[in-house]
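One structure below.
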Amino acid sequence: LVFGFLITGCAVIVLFIKPFMSIYVDPKFFSAWTIVPILLLTSVFSNMSAFFGTTYLVAKKTAGLITTTLWGMLANIALSFALVPVIGLNGAGVSGSLGFLLVTILRYRQTQKFVPVKVSWSLLSAFIALYGLVSILTLTNQPVFYGGALVLVMFVLLVKALPHTAKVALKGKLKLKTN
26 LVFGFLITGC
36 AVIVLFIKPF
46 MSIYVDPKFF
56 SAWTIVPILL
66 LTSVFSNMSA
76 FFGTTYLVAK
86 KTAGLITTTL
96 WGMLANIALS
106 FALVPVIGLN
116 GAGVSGSLGF
126 LLVTILRYRQ
136 TQKFVPVKVS
146 WSLLSAFIAL
156 YGLVSILTLT
166 NQPVFYGGAL
176 VLVMFVLLVK
186 ALPHTAKVAL
196 KGKLKLKTN
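No gaps in the numbering here: position 12 of the sequence shown is 37 in my numbering, and each next residue is one more.
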């Protein structure tokens with residue numbers, strides 16, 4: 026649910042990034058607003074990988090930090106070589122995002138044996154898909170009505186998920202396994 030809040034906050038930023046940058050940055054740099062949505066998604070995946078990465082520290086199994094980081098780096102470099110010539114600067118953003126997504130998935134899977142964390146992948150996927158739609162609508166200059174409606178849907182999902190999340194949190198007992 027925390028990641029849902031993070032993604033929803035990024036969607037709100039995406040809705041307002043173009044008008045904000047038209048005021049805040051020099052006209053020569055205004056076109057950079059188009060890469061912000063993918064960079065925000067990259068930061069979401071970076072935060073998720075860091076969240077799961079702390080488990081390695083607690084379990085004193087820090088080798089997992091290095092291996093997952095290396096896999097993410099290799100994916101990022103390979104995808105950059107493939108995507109930058111095709112889609113330019115956005116290719117670097119996409120490759121960074123996919124690299125951090127890989128690190129997140131690897132760390133989630135590896136750290137479940139230390140601290141089992143329940144993630145609603147279907148809900149998280151819905152937030153990411155809605156974020157993608159908000160980004161596309163913003164990039165195609167249709168953000169206000171449709172993008173705003175999608176952000177509203179994201180807030181409704183958050184509110185609907187709160188009781189379930191609270192119930193799981195109250196029931197669950199995290200036990201650290203350091204074998």
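Beta carbons: idealized from backbone N, C-alpha and C, even for Gly. None of the values given here were measured: they were computed from a predicted structure.
Mapping DSSP to helix, strand and coil, what is residue i?
i, result
"A100", "helix"
"V184", "helix"
"V178", "helix"
"P141", "coil"
"K43", "helix"
"T165", "coil"
Between which two residues does the alpha helix (DSSP H) carrying residue i extend?
i, result
"Q137", "Per DSSP, Q137 belongs to no alpha helix (DSSP H) and is neither H nor E."
"G113", "Unbroken run through G113: none, as it is neither H nor E."
Using a C-beta cutoff of 8 Å, does residue i count as contacting chain B?
i, result
"G113", "Looking at the structure shown, chain B is missing, and only one protein chain is on hand."
Out of the options, state which residue places its alpha-carbon closest to the alpha-carbon of residue i.
i, options, result
"A151", "L175, P141 and N166", "L175"
"A84", "F28, R132 and L164", "R132"
"L148", "S47, L127 and V181", "V181"
"L123", "V39, L82 and T94", "T94"
"M46", "I38, L40, F55 and A107", "F55"
Looking only at its own chain, which residues have a Cβ that is under 6 Å from the Cβ of residue i, when we skip the five neighbours before and after it?
i, result
"L31", "V69"
"S105", "A117 and S120"
"L158", "L175"
Among the residues of its own chain, which have a CB less than 7 Å from the CB of residue i, if the five just before and after it don't count?
i, result
"L64", "G118"
"L114", "I60"
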